[in-house]
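First comes the structure, then the notes that go with it.
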Amino acid sequence: MTTTICFDLDDTVVHYPEPYKNIIRRTVEAHGIEYTDEVRAVSKEAFYTAFEALEPEPYRQSMAAVVEAAGADTDLDALVETLKETEFASTTVPDAARDSLTALATDNQLAIVTNGVRERQVAKLDHHGLTDLFDLFVASYEVGAHKPDSAPFDRVREELPADEYVMVGNEYETDVEGARNAGFVPIHYESGDDGGPDLWDSIDALV
């Protein structure tokens, strides 16, 4: 039986050990912009407004809002690039995840199904040297809808025919309910931060 196992990217495969606001803080301070409550609020609002509407370059829109709010004379292109570099450097991939993905790729089709901009998300996976483990990469921006909409899951079915589809993700509404509604077998990723075992330590048995 052919199985396609799909994984969410952020906080499932690639982890953020610290709050994203710390990444924003280091980014803007590197360009001489004071990190204030206003800067935090406008960067978050601008990003999510653009992101939810699938507008182009949500990260750039976020940083543009920061520059405007701070009245800063800052090179926007350089600021956006610093945000990308700072974010990528702040992420990690658990050893258990890397080992499990490598093993699973031997006998299964693997896919990333992520809410995000394709170029940004693929680059994040490239940064950690994991891209070659996956047969398919589906980002919500390229299919015109974010999970839990069925469009990202439908793209997987179109590109990777299989007898069974599994979706592993940390967000219950988007990953678990979205997958279940699309006819995928959902697995809710849990990090083990509460003292229990990390899902990666037992995922081979689950699938």
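Counting from 2, one number per residue, gives the positions in the sequence shown under our numbering. Don't be surprised by glycine CBs; every beta carbon is placed ideally from N, CA and C.
Could you pull the start and end residues of the beta strand (DSSP E) that residue i belongs to?
i, result
"glycine 170", "165 to 170"
"phenylalanine 138", "137 to 140"
"phenylalanine 8", "4 to 8"
Grab the span of the alpha helix (DSSP H) containing residue i for me, first residue to last.
i, result
"leucine 84", "77 to 91"
"threonine 107", "96 to 108"
"aspartate 155", "152 to 160"
"lysine 148", "Looking at the DSSP string, lysine 148 is not in any alpha helix (DSSP H), and its letter there is neither H nor E."
"isoleucine 24", "21 to 30"
"aspartate 38", "38 to 53"
"glycine 179", "179 to 182"
"aspartate 127", "119 to 128"
Assuming residue i contacts residue j (C-beta within less than 8 Å), just tell me the rounded distance between them.
i, j, result
"tyrosine 142", "glycine 117", "7 Å"
"threonine 28", "leucine 105", "Actually they do not touch by this definition, with Cβ atoms about 34 Å apart."
"asparagine 182", "serine 151", "7 Å"
"methionine 2", "aspartate 164", "5 Å"
Using only the alpha-carbon positions, how far apart do residue i and residue j sit?
i, j, result
"glutamine 62", "proline 162", "37 Å"
"proline 153", "alanine 180", "10 Å"
"leucine 134", "aspartate 176", "20 Å"
"glycine 197", "glutamate 191", "The predicted position of glycine 197 is uncertain, since its pLDDT is 49 and thus under 50; a value taken from the coordinates is nonetheless stated next. Rounded to the nearest angstrom, the two C-alpha atoms are 9 Å apart."
"threonine 107", "aspartate 11", "23 Å"
"leucine 55", "aspartate 100", "34 Å"
"alanine 98", "glycine 72", "43 Å"
"glutamate 39", "valine 68", "11 Å"
"glutamate 19", "alanine 112", "26 Å"
"aspartate 24", "leucine 77", "For the record, residue 24 in the displayed sequence is isoleucine; it is not aspartate. Using only the alpha carbons, I get a separation of about 17 Å."
"histidine 189", "serine 44", "30 Å"
"valine 186", "tyrosine 36", "43 Å"
"glutamate 53", "lysine 148", "11 Å"
"alanine 22", "arginine 41", "For the record, residue 22 in the displayed sequence is lysine; it is not alanine. The straight-line gap from Cα to Cα measures roughly 7 Å."
"glutamate 172", "alanine 70", "32 Å"
"isoleucine 6", "alanine 51", "30 Å"
"threonine 103", "glycine 145", "30 Å"
"proline 57", "tryptophan 201", "34 Å"
"arginine 119", "valine 14", "16 Å"
"alanine 90", "glutamate 178", "31 Å"
Tell me whether the beta-carbon of residue i lies closer than 8 Å to the beta-carbon of residue j.
i, j, result
"methionine 168", "valine 114", "yes"
"arginine 121", "valine 139", "no"
"tyrosine 166", "threonine 92", "no"
"valine 81", "tyrosine 60", "yes"
"alanine 47", "alanine 66", "yes"
"threonine 87", "isoleucine 34", "no"
"leucine 131", "glutamate 160", "no"
Using the DSSP secondary-structure output, state which residues sit across from residue i in a beta bridge.
i, result
"methionine 112", "Going by the sequence as given, residue 112 is alanine instead of methionine. Beta-bridge pairing links alanine 112 to Cys7, Leu137."
"proline 187", "Met168"
"valine 67", "None; valine 67 has no bridge partner."
"valine 15", "Asp11"
Kindly say whether residue i, judged by its beta-carbon, lies nearer than 8 Å to any beta-carbon of chain D.
i, result
"leucine 105", "No chain D is part of this structure, which consists of one protein chain only."
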